[in-house]
Amino acid sequence: DHLRERETLGEVTVEALVQQDISRIHALGPSIATTSKAKADTGTRGDASGGGGGGKGGGAAAGFVGSNNRYGILLMDELLESEWLYCLKEGRKWSLKRPKFYWTGKMRPHRVSPMLEVPQHIKRPDYSEDGFPESEVEADENTKPGQVPVKTKEEIEGMREACKVGRKVLDTATRMVRVGVTTDEIDRVVHETCVELGAYPSPLNYYNFPKSVCASVNEVVCHGIPDRRELEDGDIVNLDVTCYYNGFHGDLNETHCVGKVHEKHKNLIKTTYECLEKAIAIVRPGVKFRELGTPITRHAHANGFSVVKDYCGHGIGDLFHCAPTIPHYERNKAKGVMEAGMTFTIEPMINEGSHHCVTWPDGWTAVTRDGRRSAQFENTLLVTETGCEILTARTPTSTPLWWEKD
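So the sequence shown is numbered by our numbering: it starts at 176 and just counts up by one.
Next up, the structure:
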């Protein structure tokens with residue numbers, strides 16, 4: 176009606192206004208076109224190479240219609256908004272609407288920005304294009320139970336370099352943790368830092384994961400997808416970084432406080448860190464992998480917390496995930512014995528309440544079933560002749576943990 180009124184006054188015709196908007200939209204990208212309202216709620220996104228919807232002006236925004244748009248096209252503000260979508264089905268589907276779900280705590284998914292691109296000159300894993308880690312699935316160590324690879328001297332040096340890069344990236348990310356910062360902003364910094372250092376952010380497009388870092392806040396146990404939610408005073412946030420550098424992955428994570436955090440949640444974070452330290456302390460040749468769960472479980476229970484059983488540590492090297500499997504709870508049935516030259520992660524997830532987890536509709540975000548908080552720490556380790564080397568060890572310039580600040 177407003178447009179028709181302007182037309183009556185002789186200012187401009189409705190058709191001319193529509194044509195102006197079409198011209199502006201096409202200037203942003205040729206794939207923005209008219210479409211049916213039936214496509215308003217779901218769509219797909221491209222890969223990390225910049226194809227499909229991941230690129231600017233690409234398919235991420237194409238195929239969506241503003242619900243209040245009678246012309247069946249995206250106007251400027253709707254176009255910008257449509258680039259931020261809710262993730263569904265492990266990143267294979269996207270929606271303009273938040274899905275319905277029985278949320279266990281106060282956290283909710285927020286809209287996610289388009290996948291960032293990685294320059295072509297950076298060496299990348301096989302899944303960067305189509306999301307499927309074929310080499311990992313077909314690897315001997317993942318098809319023959321109990322077979323754990325021992326790294327050569329060259330492979331060990333490659334692992335050291337990748338883990339050093341990972342540590343630099345995580346330290347850069349954790350320095351951003353403060354009230355008002357979104358996890359999407361942290362993801363962008365992780366992505367850009369990886370690229371600057373010549374590394375590929377390993378989570379990006381791994382089984383279609385849409386981001387370069389996992390950001391898990393409060394009751395999120397692991398695999399949280401960075402989004403537009405701002406960190407709030409009293410939150411706790413885990414940032415899980417893995418970098419693929421010169422053919423090897425380096426994996427680590429830490430949990431940090433946002434503003435003033437309740438003492439019981441600070442105790443949860445410190446206990447989780449201590450659980451990791453106690454497990455690392457027994458790593459040496461001859462120790463069975465299943466034994467690592469004992470010191471973790473006993474220390475967590477002694478402090479009134481539980482150990483997550485649904486997710487575990489893993490072998491790592493030229494593959495993101497491989498044998499051995501490292502459960503963090505006692506009386507598990509993991510196979511294998513440690514030998515010098517093996518590399519793997521230990522990454523206990525400790526819950527404030529029950530150890531049980533559920534997964535959000537995005538297919539990635541694991542949260543506590545009772546809505547209470549969870550914390551995690553992780554390092555990549557190398558078994559040596561006399562013990563182990565922490566390849567992702569903290570440095571004097573690493574972001575202080577809360578008890579180091581106090």
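The beta-carbon is built from N, C-alpha and C at its ideal position, and this holds for glycine as well.
Here the structure is a predicted model, which means the values were calculated and not measured.
For residue 299, same chain residues with a beta-carbon under 6 Å away, outside a window of 5 residues either side, are 375 in chain order. In this structure, residue 429 sits away from residue 282, with a CB-CB distance that is not shorter than 7 Å. Between the beta-carbon of residue 297 and that of residue 422 there is about 12 Å, and that puts the pair past the 8 Å contact cut.
In this model, residue 311 and residue 344 are separated by some 24 Å (Cα to Cα). Restricting attention to 551, 461 and 460, the CA atom closest to the CA of residue 475 is found in 551. 7 Å or more divides the Cβ of residue 413 from the Cβ of residue 387. Assignment of beta-bridge partners to residue 533 by DSSP yields 542. In the DSSP assignment, the residues bridged to residue 519 are 490 and 556. For the 7 Å CB-CB criterion, residue 279 and residue 544 form a contact. For the pair of segments examined, the stretch 403-418 was found to touch the stretch 352-365: the number of CB pairs separated by less than 8 Å reaches three. In the DSSP annotation of this structure, residue 513 is not part of any beta strand (DSSP E), being labelled neither H nor E. Selection 268, 286, 274 and 264 evaluated against residue 258 yields 286 as nearest (Cα-Cα). Residue state for residue 454 is assigned as helix, using DSSP reduced to three classes. Contact annotation: residue 527 and residue 468 have beta-carbon atoms that are not nearer than 7 Å. For a cut-off of 8 Å, the C-beta gap from residue 325 to residue 514 is around 6 Å, short enough to register as a contact. Between residue 437 and the set 384, 490 and 411, the nearest pair of CA atoms involves 411.
Linking residue 339 to residue 427 through their CA atoms gives a straight-line distance of about 10 Å.
Distances from the CA of residue 315 to each of 525, 498, 273 and 473 were compared; the closest alpha carbon is that of 498. In this structure residue 276 is exposed. Its beta-carbon is surrounded by fewer than 16 other beta-carbon atoms within 10 angstroms.
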